[in-house]
Amino acid sequence: MQQPVPERLQVSPFLVLYLIMSMQIGIGVLGYQRIIAKAAGYDAWISVLGAGLSIHIIIWMIYKICAVTNGDIVSANAYVFGKIIGNMISSFFVIYLVIFALAVLRTFIEVIQVWIFPEMSIFWFSAVFLLLSIYIVYGGFRTVTGIAFFGLVLPSYLLLTFGFALKFAEFRNLMPVLDHSAKELLSSAYNMSLTYIGFEIPIFFYPFIKDAPKSQKWAHLGVLLTTIIYTILAIITFSYFSEDQLAGSIWATLEMWKIVSMPFVERFEYIGIANWNLIVLPNICISLWGSSMILKRAFKLKQRKGVIIIALLCLVAITFFDDRAKINFLNDWTGKIGFMVTFIYIPFLFIATMITKKVKKNENK
Amino acid sequence: MKINKFLPLIAACFLLAGCVEKEIIDDVNIETGIGYDLKEKEEFEGTIMVPIFKPDKNIGNFTYSATATSSRDLLQEIQRKSAQPIVTGSLEIAVFGEEMAKNGIIEVIDSFERDPSIGARVFLAVGQENAKDILTGTYGNRGNGIHLSDLIRHNMENKNLPETNLHLFLFDFYQKGNTPYLPILKKVEPEVIEIVGIALFSGDKMVDTVPPDKMFFFKLLTDKFSKGSFKVNIDSKHAAIKDLKSKHKIKLVKRDPYKILIEIEIEGVIREYTGEMLKPATIKKIEKNVEKQVNEEASKLIASFQEQGIDPLGLGHFVKSKTRGFDYNKWKDDYKNLIVQVKSDAVITEVGVVE
Numbered sequence: 002m003q004q005p006v007p008e009r010l011q012v013s014p015f016l017v018l019y020l021i022m023s024m025q026i027g028i029g030v031l032g033y034q035r036i037i038a039k040a041a042g043y044d045a046w047i048s049v050l051g052a053g054l055s056i057h058i059i060i061w062m063i064y065k066i067c068a069v070t071n072g073d074i075v076s077a078n079a080y081v082f083g084k085i086i087g088n089m090i091s092s093f094f095v096i097y098l099v100i101f102a103l104a105v106l107r108t109f110i111e112v113i114q115v116w117i118f119p120e121m122s123i124f125w126f127s128a129v130f131l132l133l134s135i136y137i138v139y140g141g142f143r144t145v146t147g148i149a150f151f152g153l154v155l156p157s158y159l160l161l162t163f164g165f166a167l168k169f170a171e172f173r174n175l176m177p178v179l180d181h182s183a184k185e186l187l188s189s190a191y192n193m194s195l196t197y198i199g200f201e202i203p204i205f206f207y208p209f210i211k212d213a214p215k216s217q218k219w220a221h222l223g224v225l226l227t228t229i230i231y232t233i234l235a236i237i238t239f240s241y242f243s244e245d246q247l248a249g250s251i252w253a254t255l256e257m258w259k260i261v262s263m264p265f266v267e268r269f270e271y272i273g274i275a276n277w278n279l280i281v282l283p284n285i286c287i288s289l290w291g292s293s294m295i296l297k298r299a300f301k302l303k304q305r306k307g308v309i310i311i312a313l314l315c316l317v318a319i320t321f322f323d324d325r326a327k328i329n330f331l332n333d334w335t336g337k338i339g340f341m342v343t344f345i346y347i348p349f350l351f352i353a354t355m356i357t358k359k360v361k362k363n364e365n366k
Numbered sequence: 472m473k474i475n476k477f478l479p480l481i482a483a484c485f486l487l488a489g490c491v492e493k494e495i496i497d498d499v500n501i502e503t504g505i506g507y508d509l510k511e512k513e514e515f516e517g518t519i520m521v522p523i524f525k526p527d528k529n530i531g532n533f534t535y536s537a538t539a540t541s542s543r544d545l546l547q548e549i550q551r552k553s554a555q556p557i558v559t560g561s562l563e564i565a566v567f568g569e570e571m572a573k574n575g576i577i578e579v580i581d582s583f584e585r586d587p588s589i590g591a592r593v594f595l596a597v598g599q600e601n602a603k604d605i606l607t608g609t610y611g612n613r614g615n616g617i618h619l620s621d622l623i624r625h626n627m628e629n630k631n632l633p634e635t636n637l638h639l640f641l642f643d644f645y646q647k648g649n650t651p652y653l654p655i656l657k658k659v660e661p662e663v664i665e666i667v668g669i670a671l672f673s674g675d676k677m678v679d680t681v682p683p684d685k686m687f688f689f690k691l692l693t694d695k696f697s698k699g700s701f702k703v704n705i706d707s708k709h710a711a712i713k714d715l716k717s718k719h720k721i722k723l724v725k726r727d728p729y730k731i732l733i734e735i736e737i738e739g740v741i742r743e744y745t746g747e748m749l750k751p752a753t754i755k756k757i758e759k760n761v762e763k764q765v766n767e768e769a770s771k772l773i774a775s776f777q778e779q780g781i782d783p784l785g786l787g788h789f790v791k792s793k794t795r796g797f798d799y800n801k802w803k804d805d806y807k808n809l810i811v812q813v814k815s816d817a818v819i820t821e822v823g824v825v826e
């Protein structure tokens with residue numbers, strides 16, 4: 002069991018909404034349209050909706066696991082598998098969060114390199130970005146939550162800019178609806194993994210929420226809002242691009258900004274991408290915070306040291322991903338690992354927790 | 472103090488911020504227009520137009536030309552002639568010579584699509600005979616790039632030119648069951664450029680043109696909402712109609728063989744009439760004649776598209792959207808046998824300030 006977190010370090014339940022949404026919306030949303038349209042064509046928006054709704058079951062499981070074990074992923078693993086094996090499994094989640102942070106940061110740097118500064122140094126940008134993230138994590142969980150809030154609310158105006166694409170929208174592209182088989186739709190939904198992952202984070206900070214069980218409805222609401230945003234964006238994209246045109250667009254979301262025309266700005270991408278910094282920041286901060294928290298809980302490593310170790314690890318690893326193919330590989334695997342963690346391991350842990358609970362109850366009798 | 476350890480890093484943040492490429496507006500040549508003409512073999516001649524901002528607030532024009540085999544090459548060749556780097560960030564228009572358009576233009580357009588600094592609203596046009604002629608010269612006083620894009624824009628918004636730009640061209644090009652089209656420009660006087668029709672493409676090759684007097688009907692069929700003006704004859708007199716708003720609706724009436732009904736609604740005013748009095752009966756008659764003329768001309772256009780196997784209206788894509796498991800290979804034959812009926816409904820709302 003875990004020591005209860007003092008109330009002055011906890012956050013209000015409704016802030017879980019911002020934490021989940023800002024973690025989900027990162028870099029996947031910049032180009033998921035092409036990936037999902039590969040399998041299910043322009044019916045893929047149904048997959049986006051379906052995958053989003055299926056997440057609610059996982060959220061429900063996460064809250065059940067946390068409530069039973071009264072703690073986070075480390076307590077849950079220890080509860081089910083005992084301390085030693087449990088901690089070994091938990092350490093895998095450190096790697097998972099590091100890979101997640103790595104994928105987000107590297108993809109964002111690639112976007113900057115392709116759209117604005119081709120010569121920008123990967124190393125120095127990451128160093129500065131990670132330094133900022135370390136500084137935020139040093140502020141504690143409440144500061145991280147604050148960044149998640151601003152990282153979601155401040156850039157939210159960007160949603161309006163996709164209205165420019167509506168003038169050229171051809172909704173006929175979506176017809177006929179359901180022209181693809183269930184298998185193709187499922188495969189599309191699976192390909193949404195990279196874009197959707199991040200919703201599992203309550204399992205890392207559950208003890209830090211005031212009155213935690215109450216936050217479940219906010220978690221559900223957050224996921225629902227993300228699902229709606231992704232679905233609408235997919236529909237706009239599909240009506241804006243013809244199918245073969247989309248197949249060649251790596252970042253369809255950014256490419257829609259090419260049509261934005263305003264009297265005071267010639268190319269909107271420069272503003273949009275600069276703003277995307279704010280969207281990416283909570284992704285990195287939450288990952289750093291979560292992974293260093295696991296190190297602290299499982300291996301008694303001070304969080305301040307843990308953050309720096311993990312940031313250095315990211316900094317060294319990021320320089321290896323130096324071309325499109327490697328970045329694509331990283332994103333693919335982040336999506337795959339994310340899928341395994343959220344849709345395979347969490348249900349497994351859920352069942353294991355329930356069984357352990359029964360067994361322990363009987364023993365106590 | 473702990474902060475001292477961080478100071479070098481913080482200093483590095485500020486110092487390194489200047490380490491990426493800068494583009495200062497006074498030190499670059501801004502490319503506003505580009506033209507391509509086919510030379511012998513695989514080569515083409517490219518012309519890049521840059522505005523020159525003079526101290527007296529006038530805008531001059533300068534063009535660089537070079538011969539190259541690819542679009543990237545071209546920029547290289549031209550950079551060698553230009554004292555300042557050329558940037559593509561505010562490209563307004565790209566013109567393709569007629570020979571070039573007939574030979575295929577997707578390779579060049581692909582380089583536009585790939586370049587993140589080029590917007591999707593760039594106008595594309597075909598230059599009758601020669602693209603270089605169109606870019607060299609002085610039109611208006613706002614620079615050639617702005618002049619040409621204004622020319623195209625106002626004709627799209629209120630006149631008979633259907634809407635086109637880089638995005639729409641690519642959309643049509645990549646859409647199966649759809650072919651793109653572009654406006655044709657011609658230098659008619661040393662200082663005047665005119666829109667002389669619409670170039671129809673099959674894939675990325677220009678195959679046919681729509682003459683200026685048919686552009687109104689073409690626009691009625693391609694644009695969801697359109698405006699424009701045209702002349703209608705009644706009993707040896709004629710009236711000029713300004714079309715305020717019109718829209719079309721496509722319906723699939725029957726399969727095997729496919730039959731499509733296109734309904735066009737036109738709402739317009741009379742701008743000019745050569746007869747003496749405009750009585751209600753005459754107006755009715757004008758409406759009837761408008762309808763008749765639209766039906767005839769639109770049907771003629773569609774028949775000629777079918778004959779050539781091009782589909783600027785996107786009828787193939789339309790039928791696909793109504794059919795499950797659509798087969799584009801079979802459609803190629805079906806399109807030739809497609810029956811298209813055009814039904815229009817014209818309403819004259821105003822006749823001007825005098826009867």
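Residue numbers (the numbering used here), protein chains in the order written: chain X, 2 to 366; chain Z, 472 to 826.
Note that CB positions come from ideal geometry on N, CA and C, so glycine has one too.
Fair warning: this is a prediction, and the values are worked out from it, not measured in the lab.
Contacts with chain Z (Cβ-Cβ distance below 7 Å) from the segment 255 to 278 of chain X involve 259, 260, 262, 267, 268 and 270, listed in chain order. Of the candidates X:276, X:252, X:257 and X:127, X:252 places its Cα closest to the Cα of residue 325 (chain X). Shown here, residue 518 (chain Z) sits in a strand according to DSSP, grouped into three states. For residue 492 (chain Z), no pairing in a beta bridge is given by DSSP. Among the CB atoms of chain Z, none fall inside 8 Å of the CB of residue 46 (chain X). Unbroken beta strand (DSSP E) stretches of 3 residues or longer found wholly inside the segment 705 to 754 of chain Z: 708 to 725 and 730 to 744, given in chain order. Fully enclosed alpha helix (DSSP H) runs of no fewer than 4 residues occupy 142 to 154, 159 to 162, 164 to 167, 183 to 192 and 194 to 197 of the segment 133 to 205 of chain X, in order along the chain. Within the segment 167 to 180 of chain X, the residues whose Cβ lies closer than 9 Å to any Cβ of chain Z are, in chain order, 169, 171, 173, 174, 175, 176, 177, 179 and 180.
Contacts with chain Z at 8 Å (Cβ-Cβ) include residue 243 (chain X). Annotation for residue 533 (chain Z): no alpha helix (DSSP H) segment contains it, though the beta strand (DSSP E) segment containing it runs 530 to 539. For the 8 Å CB-CB criterion, residue 714 (chain Z) and residue 733 (chain Z) do not form a contact.
Here the segment 651 to 664 of chain Z lies against the segment 597 to 606 of chain Z, with 3 or more beta-carbon pairs under 8 Å apart.
Using beta-carbon distances, residue 642 (chain Z) counts as an interface residue toward chain X, with a partner under 8 Å. Per DSSP, the beta bridge partners of residue 680 (chain Z) are Z:670.
Residue pairing by DSSP puts residue 597 (chain Z) in a beta bridge opposite Z:567 and Z:655. Not flagged as an interface residue toward chain Z: residue 81 (chain X), since no C-beta distance is shorter than 8 Å. Here residue 556 (chain Z) has 499 as same chain residues with Cβ atoms under 6 Å from its own Cβ, once five neighbours each way along the sequence are excluded. Proximity of residue 246 (chain X) to chain Z, defined by a Cβ-Cβ separation below 8 Å, is satisfied. Under the DSSP assignment, residue 245 (chain X) falls in the alpha helix (DSSP H) whose first and last residues are 244 to 248.
By the C-beta density criterion, residue 321 (chain X) is exposed, having fewer than 16 other C-beta atoms within 10 angstroms. Close to residue 115 (chain X), with beta-carbon spacing below 9 Å, are these residues of chain Z in chain order: 587. Three or more beta-carbon pairs drawn from the segment 664 to 675 of chain Z and the segment 632 to 650 of chain Z are found closer than 8 Å, and the two stretches are therefore classed as touching. For residue 312 (chain X), there is no enclosing beta strand (DSSP E); the enclosing alpha helix (DSSP H) has its first and last residue at 304 to 319. Under the 8 Å criterion on CB atoms, residue 118 (chain X) is classed as interfacial with respect to chain Z.
Interface flag for residue 632 (chain Z) against chain X is unset, since no Cβ pair is found closer than 8 Å.
Residue 799 (chain Z) is bridged by DSSP to nothing; it lacks a bridge partner. Rounded to whole angstroms, the separation of the alpha carbons of residue 260 (chain X) and residue 587 (chain Z) is 12 Å. Chain X places no beta carbon closer than 8 Å to that of residue 607 (chain Z), leaving this residue out of the contacts. Where residue 34 (chain X) is concerned, the enclosing alpha helix (DSSP H) starts and stops at 33 to 41.
Separation of residue 116 (chain X) and residue 94 (chain X) (C-alpha to C-alpha, rounded to the nearest whole angstrom) is 33 Å. In this chain, the beta strand (DSSP E) harbouring residue 814 (chain Z) covers 810 to 821. By the Cβ neighbour-count rule, residue 823 (chain Z) is exposed, with fewer than 16 other Cβ atoms within 10 Å of its own. Here residue 156 (chain X) is buried: its Cβ has 16 or more other Cβ atoms, across all protein chains shown, within 10 Å. Taking C-beta atoms under 8 Å as the contact rule, residue 234 (chain X) and residue 163 (chain X) qualify, at a distance of about 7 Å.
Among the residues facing chain X, residue 787 (chain Z) is not included, as its CB has no counterpart in that chain under 8 Å away. Exclusion of the five residues before and after residue 509 (chain Z) leaves 515, 568, 570, 571 and 574 as the residues of its chain whose Cβ lies within less than 7 Å of its Cβ.
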